[in-house]
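Just so you know, we're using the working numbering here: the sequence shown kicks off at 916 and counts up by one.
Cβ coordinates follow ideal geometry from the N, Cα and C atoms, glycine included.
Being a predicted model, the structure only gives us computed values, none of them experimental.
Read the structure below first, then the notes.
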Amino acid sequence: NMAISQECKRLAEVAFPIAAVGSAVRRREKKFPVPRGHISTLHHWWARRPLGSSRAVLLALLLPDPCDPHCPSTFSVKARQILKGVVNAGPSSEDLQKALLRFIGDFAEWANSTSPVFLQTARQLVGAAHDGSIPLVADPFAGGGAIPLEALRLGCDAFAMDLNPVASLLLNLIIVGIPRGGKEILTQLAKAAGEILNRVKAPFANLYPLDPDGAIPAAYLWARTVRCESPHCGAEIPLIRSFWLARKGSKRVAARYTITRHGPTTPRVNFEVFEPEHDDQVPHGSVRLAKATCLSCGTSLLPPRVRDQLRAQRGGASVLLDDKGNRVGGSMLWTVVTRRSNGGDRQYRAPEPRDYQPVFAAANMLQAMETQPGLSRPIPDEPVSQDGTGSLGGGYRTRKYGITQFGEFFSARQAVASALLCRAIGEIHREGQCPSTISELLALALDKLIDFNCSLSRWRASNEDIGNAFGRQALPMVWDFAETCLTSSAFVSFDRAVDHVSKVVAFVAASVGRSGEAQLGDARESIRLEESVDVYFTDPPYYDAVPYADLSDFFFVWLKRSLPSHPLLRDPFDPSNRLTPKTREITRDEVAHLDGRPKKDASSYEAGMGAAFSEARRITRPDGLGCVVFAHKTTEGWEALLTGLIRGGWTITASWPVATEMSSRLRAKESAALATSVHLVCRPRPDDAPIGDWSQVLRELPRRVGDWMERLQTEGIRGADLVFACIGPALEI
């Protein structure tokens, strides 16, 4: 039984340190590089909740307001003792409230998130508030797992669910597998990763040979190509955004080109590396906004013709080679990045004919893999059914360039290397050399590698490194791309990806003392709980903002091959579906997709959310509390979410706009995304709740909203974020 009565307001219903929490999140979690060990470095997930804000809001939901007359007197006494040495609390209830808010704001800092003192203090406060019982926190739209993880770190029980198989696998590891396995996982993971690398060592040596002078290729910079359609030219046009290779500090390195003509033959483009003294010595890129410019004759190739030519090459990521391994078309190598065995600066050289020989070997290996009898195709052949033509233009924007299957996002060598690692992970698991948790972590490491080693990975001259494909919540076409040398540790190789995963394992194992429960399922109907949830805290889909299911297919198709027959890697409602579930996904999506899925309008989203929130009310105790996170720049999105929430039987009692995003990010500039995430605190609405008069509401509305806007402006909330943050107080009335 809970010590907090139903009449007692929780701290989150009265006050919250908006500015302190927002500042803590933006200062560390939302800046590059993300802290090592942060769960976002385990695997890519879109629009995930920051740990700091999740932890802070959850703690405020779990604690009573000391100023409330129904607050248990025992809590106030214990809380003062618990806070000693961390935050000073004066004698009055107001002093204790301020001390708790100060502690919550400080605890949102990443540096304090693993502090034994802060963790112990937070857990003791939760224990004091709930009279020693363990509260249950449920999140049925758990996604990347921030909320259930923080629930476990605060000493609560956690239930997490998601319809998406990729998210479900992540959740199962974060709140079940790693907490149960503990730090012993690190030794097992290192041993298994070493075995994987031993199994691929020989083929990788052929795919990534050293230079004759001993230099180690670290990355290969490729450009898709099209043909100039001028009748007097016909030269290949390498599609290169920028010829800069390094613009880091005082280092300036770039590529330039020359054109060779031998009689009536087609002009050829050749590259060389140089150190420019002035920026204007560096050639302009050959492609901008899908319009290509011939480097030989200056003729422009308009976007429709660029699309048509790349469509004929099925995206143009792979090289076309003759039977001797000589390049005859397709993507063109324009620079090789190298380094010495003892490390040091990146070096750059022009490509040579020998650089195509390992690519030729990869093409032959790929052909042999695809023709082996009795094996499922090692390279993903599942169709890309989402084409990025939705209201926000999210998802995949590459189908119009001929990429119709997921395997076509990779060049031959990238695909073969990934397939070899997939096969090795599956082999050591079947041979019993590692438990399922270890093979799952290895599969996630491979996914991280795939994110940085596909034909949508860009070379970044400002950092001299490779960016991942998912720099945003969509996959646009990339004209020139960087391929990682997987035997070099200069960029994201498999062993470095495993190291990132290991840091997350260490973080979770050190700060979580209990395991939770994760479930693959639909939030509307399959939660295995019955009026037992103390806090329902979730971050549901934001109307039409992110096509989670479609985007996650990019990783799902490889996870299935790394972990064949895994119970979570499936559509639980349609065994014939080779990709992630989409029919049941709660979203507004009125695009005609190629897989024939039904369109979903605003009323569909409304009804789905209503059913999900109704199920949430069923599993939540009458004296429990809820919190729903939402951020959208359209009134339609808010209306649909709030209608679902009210239909589901909830009453909003408070709202807090927490600035969890950087307003300067590309996503915020071009779409319906807010810099703040509005946290709507709510309670189950009693069946006999009194009904007010509309005239009373109209009288109260200007005063309450006016006071709220004035307060939020002092907290630094501006613009659209300020407008939508006022929805909560309005609905409270």
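Considering Cα atoms alone, identify which of 1054, 1269, 1400 is closest to residue 1127. As a working note, residue 1127 is residue 212 in the sequence shown. Nearest Cα to residue 1127 within the set 1054, 1269, 1400: 1269.
Just curious, the beta strand (DSSP E) that residue 1185 is in, first and last residue? To locate residue 1185, count along the sequence shown from 1; it is residue 270. Counting along the chain, the beta strand (DSSP E) containing residue 1185 begins and ends at 1183 to 1189.
Between which residues of its own chain and residue 1580 is the CB-CB distance below 6 Å, once the five residues before and five after are set aside? Counting from one through the sequence shown, the residue named residue 1580 turns up at place 665. With a pLDDT of 44 at residue 1580, under the threshold of 50, the predicted position of this residue should be treated as unreliable, though the coordinate-derived value follows. Cβ within range, chain order: n/a, list empty.
Proximal residues to residue 978 (C-beta, below 7 Å), its chain only, five neighbours per side dropped: As a first step, residue 978 is located in the sequence shown; it is residue number 63 there, counting from the start. Cβ within range, chain order: 925, 926, 1015, 1040, 1044.
Just confirm the distance between the C-beta atoms of residue 1062 and residue 1452, as a whole number of angstroms; I'd bet it's less than 8 Å. In the sequence shown, counting from the first residue as 1, residue 1062 sits at position 147. In the sequence shown, counting from the first residue as 1, residue 1452 sits at position 537. Contact between residue 1062 and residue 1452 holds, since their C-beta atoms are separated by about 5 Å, short of 8 Å.
Would a C-beta distance cut-off of 8 Å place residue 1419 and residue 1068 closer than the cut-off? The residue given as residue 1419 occupies position 504 in the sequence shown. The residue given as residue 1068 occupies position 153 in the sequence shown. Pairing residue 1419 with residue 1068 gives a Cβ-Cβ distance that is not under 8 Å.
Alpha carbon to alpha carbon, how far is residue 1516 from residue 1501? Here residue 1516 refers to the residue found at position 601 of the sequence shown. Here residue 1501 refers to the residue found at position 586 of the sequence shown. A direct Cα-Cα distance of roughly 10 Å separates residue 1516 from residue 1501.
Mind reading off the beta-carbon distance from residue 1252 to residue 1136? Whole number of angstroms is fine, and I expect it under 8 Å. In the sequence shown, residue 1252 corresponds to position 337, counting from 1. In the sequence shown, residue 1136 corresponds to position 221, counting from 1. About 7 Å separates the CB atoms of residue 1252 and residue 1136; that is less than 8 Å, so the two are in contact.
Once you ignore the five residues that flank residue 1352 on each side, which residues in its own chain have a CB closer than 6 Å to its CB? If you number the sequence shown from 1, residue 1352 lands on position 437. Sequence-distant partners of residue 1352 (beyond 5 residues in either direction) whose C-beta falls short of 6 Å from its own C-beta, in its chain, are 1092, 1096.
Could you tell me which of 1613, 1639, 1142 sits nearest to residue 1648, measuring between CA atoms? Taking the first residue of the sequence shown as position 1, residue 1648 is located at position 733. Comparing Cα positions, the closest option is 1613.
Report yes or no: do the stretch 927 to 939 and the stretch 1345 to 1359 share at least 3 C-beta pairs separated by less than 8 Å? Touching, no.
Alpha helix (DSSP H) runs wholly inside the stretch 1033 to 1095, at least 4 long, in chain order: As far as the stretch 1033 to 1095 is concerned, its whole alpha helix (DSSP H) runs of at least 4 residues are 1061 to 1068, 1080 to 1087.
Does DSSP classify residue 1025 as helix, strand or coil? Reading the sequence shown from its first residue, position 110 is the one you call residue 1025. Assigned with DSSP and collapsed to three states, residue 1025 falls in helix.
Quick check: what's the CA-CA separation for residue 1076 versus residue 1262? Taking the sequence shown and counting its residues from 1, the one referred to as residue 1076 is at position 161. Taking the sequence shown and counting its residues from 1, the one referred to as residue 1262 is at position 347. Rounded to whole angstroms, residue 1076 to residue 1262 spans 47 Å at the Cα level.
Could you compute how far the alpha carbon of residue 959 sits from the alpha carbon of residue 1362? The sequence position of residue 959 within the sequence shown is 44, counting from 1. The sequence position of residue 1362 within the sequence shown is 447, counting from 1. Rounded to the nearest whole angstrom, the C-alpha separation of residue 959 and residue 1362 is 8 Å.
Cβ pair residue 1331, residue 1247 closer than 8 Å: Mapped onto the sequence shown, residue 1331 falls at position 416. Mapped onto the sequence shown, residue 1247 falls at position 332. One thing to note: residue 1331 has its Cβ no nearer than 8 Å to the Cβ of residue 1247.
Give the C-beta separation of residue 1188 and residue 1264 to the nearest angstrom, bearing in mind that I take them to be a contact with Cβ-Cβ under 8 Å. As a working mapping, residue 1188 is identified with position 273 in the sequence shown. As a working mapping, residue 1264 is identified with position 349 in the sequence shown. Indeed they touch by this definition, with Cβ atoms about 6 Å apart.
For the beta strand (DSSP E) containing residue 1111, name the first residue and the last one. Residue numbering aside, residue 1111 sits at position 196 when the sequence shown is read from its first letter. In the DSSP annotation of this structure, residue 1111 is not part of any beta strand (DSSP E); the continuous alpha helix (DSSP H) holding it starts and ends at 1099 to 1122.
Where does residue 1570 sit, in a helix, a strand or coil, going by DSSP? For the purposes of this step, residue 1570 is taken as the residue at position 655 of the sequence shown. Secondary structure of residue 1570 (DSSP, three-state): strand.
Give the secondary structure of residue 1247 by DSSP, where H, G and I count as helix, E and B as strand, and everything else as coil. For the purposes of this step, residue 1247 is identified with residue 332 of the sequence shown, where counting begins at 1. If DSSP states are grouped into helix, strand and coil, residue 1247 belongs with the strands.
Collapsed DSSP secondary structure at residue 1606 in the structure displayed: Residue mapping note: residue 1606 aligns to position 691 of the sequence shown, counting from 1. Three-state DSSP puts residue 1606 in coil, outside helix and strand.
Taking the beta carbon of residue 1152 as the centre, do at least 16 other beta carbons fall within 10 Å, making it buried, or is it exposed? Start at 1 with the first residue of the sequence shown, and residue 1152 comes out as number 237. It is buried - the Cβ of residue 1152 has at least 16 other Cβ atoms within 10 Å.
Can you name, in chain order, every residue of its own chain whose Cβ lies under 7 Å from the Cβ of residue 1176, other than the five neighbours on each side? Stepping through the sequence shown from its first residue, residue 1176 is reached at position 261. Contacts found: 1182.
By how many angstroms is the C-alpha of residue 1140 removed from the C-alpha of residue 1117? Translated into positions along the sequence shown, residue 1117 becomes position 202. Translated into positions along the sequence shown, residue 1140 becomes position 225. Straight-line measurement puts the Cα of residue 1140 at about 32 Å from the Cα of residue 1117.
Quick one: Cα of residue 894 to Cα of residue 1615, how far? Any answer about residue 894 is impossible in this case: the structure gives the chain only from 916 up to 1648.
Taking 8 Å as the cut-off, decide whether the C-beta atoms of residue 1208 and residue 1148 are in contact. Residue numbering aside, residue 1208 sits at position 293 when the sequence shown is read from its first letter. Residue numbering aside, residue 1148 sits at position 233 when the sequence shown is read from its first letter. For the 8 Å CB-CB criterion, residue 1208 and residue 1148 do not form a contact.
Sequence-distant residues of the same chain with beta carbon closer than 7 Å to residue 1641, five excluded per side: As a first step, residue 1641 is located in the sequence shown; it is residue number 726 there, counting from the start. Correct list, in chain order: 1620, 1623, 1624.
Do you know how far the Cα of residue 1380 is from the Cα of residue 1199? The residue you call residue 1199 lines up with position 284 of the sequence shown. The residue you call residue 1380 lines up with position 465 of the sequence shown. A direct Cα-Cα distance of roughly 21 Å separates residue 1199 from residue 1380.
Alpha helix (DSSP H) runs contained entirely in the stretch 1263 to 1337, provided each spans 4 or more residues: DSSP runs (the alpha helix (DSSP H)) wholly in the stretch 1263 to 1337: 1272 to 1285.
Cβ-based burial, residue 1107 [other Cβ within 10 Å; buried from 16]: In the sequence shown, the residue the question calls residue 1107 occupies position 192. By the neighbour-count criterion, in which 16 or more other beta carbons inside 10 Å mark a residue as buried, residue 1107 falls on the buried side.
Assuming the contact rule is C-beta atoms closer than 8 Å, residue 1496 and residue 1489 should be a hit. Round their C-beta distance to whole Å, please. To locate residue 1496, count along the sequence shown from 1; it is residue 581. To locate residue 1489, count along the sequence shown from 1; it is residue 574. Taking a contact as a CB-CB distance under 8 Å, the pair residue 1496 and residue 1489 counts as one, their CB atoms being some 7 Å apart.
Can you give me the C-alpha to C-alpha distance between residue 1315 and residue 1392, rounded to a whole angstrom? Start at 1 with the first residue of the sequence shown, and residue 1315 comes out as number 400. Start at 1 with the first residue of the sequence shown, and residue 1392 comes out as number 477. Straight across, the Cα-Cα distance linking residue 1315 with residue 1392 is about 10 Å.
Assigned secondary structure, residue 1375 (DSSP; H/G/I helix, E/B strand, else coil): By 1-based counting over the sequence shown, the position of residue 1375 is 460. Looking at residue 1375 - three-state DSSP - the assignment turns out to be strand.
Please classify residue 1584 as buried or exposed, where buried requires at least 16 neighbouring CB atoms within 10 angstroms. As a position in the sequence shown, residue 1584 is number 669, starting the count at 1. With a pLDDT of 44 at residue 1584, under the threshold of 50, the modelled position of this residue cannot be trusted; read the value that follows with caution. Exposed.
For residue 1305, which residues of its own chain have a beta-carbon under 6 Å away from its beta-carbon, when the five flanking residues on both sides are left out? Your numbering for residue 1305 matches position 390 in the sequence shown. Residue placement at residue 1305 is flagged as unreliable, the pLDDT there being 45, under the threshold of 50; the coordinate-derived value follows with that caveat. Excluding sequence neighbours, residue 1305 sits near 1506.
What are the partner residues of residue 1434, as DSSP defines its beta bridges? Working through the sequence shown from its first residue, we reach residue 1434 at position 519. For residue 1434, which the question treats as bridged, DSSP gives the partners 1076.
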